[in-house]
Amino acid sequence: MSAPDKATEDQTKIAGTAAFSKFMAVLQLIADQDAPLSIAQLAALSGYPRPTVYRILAALMAEGMVLENPRTKQFEVGPRLINLASRAWDRSDIRATAIEHLRALRDATRETVHLALPSDAGMVYIEKLESPQAVRMDSRIGTRVTLYSSSVGKSYLAALDEDRRERLLRGIRMERFTEHTITDLAALRREIEETRARGYAEDREENEAQIFCYGSAIIGPDGLPAACISISIPLFRRLEDPLQTYVKPLLDTCAAISRKLAGPG
1 MSAPDKATED QTKIAGTAAF SKFMAVLQLI ADQDAPLSIA QLAALSGYPR
51 PTVYRILAAL MAEGMVLENP RTKQFEVGPR LINLASRAWD RSDIRATAIE
101 HLRALRDATR ETVHLALPSD AGMVYIEKLE SPQAVRMDSR IGTRVTLYSS
151 SVGKSYLAAL DEDRRERLLR GIRMERFTEH TITDLAALRR EIEETRARGY
201 AEDREENEAQ IFCYGSAIIG PDGLPAACIS ISIPLFRRLE DPLQTYVKPL
251 LDTCAAISRK LAGPG
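Counting along the sequence shown from 1, when you hit position 193 you're at 193 in my numbering, and nothing is skipped either side.
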């Protein structure tokens, strides 16, 4: 291949990568929201011109990745994306390894249990087992939570080595969700050190008002956090002996799954 041909091919690859990144950015915005979004909202959130957003949406709709409500002209996740996500979660090795332990943890604590994987600068719930009690968590599989306001996020950060953790911390933009949300980086670093010292994380109404969560990491064969588990409890229902009621079963569950991931020996 001549030098001009190689340069043209490289430019085509770069342009294709940039276009794909825009598609993914718009799709991620739609997936992250609790309610459908209009073109104007997507343009504002993405920073792309409205004609660009419209072209992206047209392509995503053609592939069944996005649906448009004909009445409201708003966009939401389409059936093809839901199907792909469902199949990926069903085939997830860590979910398959963890699911029986998660059920046992949910039954022992009678509270909602989440399994989360790291995703970019956050965590994504890939499994949720509902509390059998009347008041439950307003979350779903696919929900993204931050590293700094959730117990799964803080337990993930605490289980990382210092270099990896600092790279993530430098890129965090801290938004306040409740009056208890940590929005200061120095305070977050102190919180991570406390999490490392005690062996589990706490979300003290930081992600959602009136919800208290305990989180801990599942360690993979490489010694790095592979996933995290949380127990979410409505504050009015939180029992007086949390270490025995929630924390010990949580730590035992994470340890058991870590051993299974490690395999024999």
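Quick reminder that beta carbons are idealized off the backbone N, C-alpha and C, glycines included. In this text the structure is predicted, and so the values were computed from the model without any measurement.
Item                                                                                                      : Value
LEU243, enclosing beta strand (DSSP E) - first and last residue                                           : Looking at the DSSP string, LEU243 is not in any beta strand (DSSP E), and its letter there is neither H nor E.
Neighbour-count burial assignment, ASP203, 16 or more Cβ in a 10 Å radius                                 : buried
Segment limits, alpha helix (DSSP H) that includes GLY122                                                 : Element bounds for GLY122: not the alpha helix (DSSP H) but the beta strand (DSSP E), 122–129.
From LEU115, SER119, GLU166, ALA121, residue whose alpha carbon lies closest to that of LYS128            : LEU115
Length of the line joining the Cα atoms of LYS22 and ILE56                                                : 8 Å
GLU206 burial status per 10 Å Cβ neighbour count (16 or more: buried)                                     : buried
8 Å contact criterion, which VAL214 and ILE192 should meet: CB distance rounded                           : Note that residue 214 corresponds to Tyr in the displayed sequence, not to Val. About 15 Å separates the two Cβ atoms, so there is no contact after all.
As assigned by DSSP and simplified to three states, the class of ASP90                                    : Caution applies to ASP90, whose pLDDT of 48 falls short of 50 and renders its modelled position unreliable; the value that the coordinates give is listed next. Helix.
Option nearest TYR246 by Cα separation, candidates THR112, THR181, ARG50                                  : THR112
Classification of SER119 by the beta-carbon crowding that lies within 10 angstroms, buried from 16 upward : exposed
Supposed close pair SER46, VAL66 - CB separation, criterion 8 Å                                           : Rounded, the Cβ-Cβ distance is 14 Å, inconsistent with contact.
Nearest-angstrom beta carbon gap, ILE257 and ILE233 [assumed within contact, 8 Å]                         : Contact flag wrong, Cβ pair sits at about 21 Å.
DSSP-derived helix/strand/coil call for GLY153                                                            : helix
Cβ contact (3+ pairs, closer than 8 Å) linking the stretch 148–163 and the stretch 181–195                : yes
Residue closest to GLU76, alpha-carbon to alpha-carbon, out of ALA96, ASP34, ASP93, PRO51                 : ASP34
Contact check, ALA31 vs GLY142, beta carbons under 8 Å                                                    : yes
Proximity below 8 Å, CB of LEU266 to CB of GLN210                                                         : Only positions 1 to 265 of the chain appear in the structure, and residue 266 is not among them; the question remains open.
Ordered list of beta strand (DSSP E) runs contained in the stretch 32–119, each at least 3 residues       : 66–68, 75–77, 112–119
Reduced DSSP category for PRO249 - H, G, I as helix; E, B as strand; rest coil                            : helix
Contact set for SER38: own chain, Cβ-Cβ below 7 Å, skip 5 residues either direction                       : LYS73, GLN74
Inter-residue Cα distance where the pair is LYS13 and VAL53                                               : Confidence at LYS13 is low in this model, with a pLDDT of 47, below 50, so the placement of that residue should be treated as unreliable; the coordinate-derived value is given next. Going from the Cα of LYS13 to the Cα of VAL53 covers about 21 Å.
Residues bridged to ALA227 (per DSSP)                                                                     : ILE218
Continuous alpha helix (DSSP H) stretch holding GLU191: start and end                                     : 185–198
Distance CB(LEU250)-CB(LEU105) smaller than 8 Å                                                           : yes
Where ARG259 sits in the DSSP three-state scheme                                                          : helix
Opening and closing residue of the alpha helix (DSSP H) in which GLU202 lies                              : Unbroken run through GLU202 is the beta strand (DSSP E), 201–204; no alpha helix (DSSP H).
Contacting residues, own chain, Cβ-Cβ under 7 Å from ALA108 (five flanking each side not counted)         : PRO249
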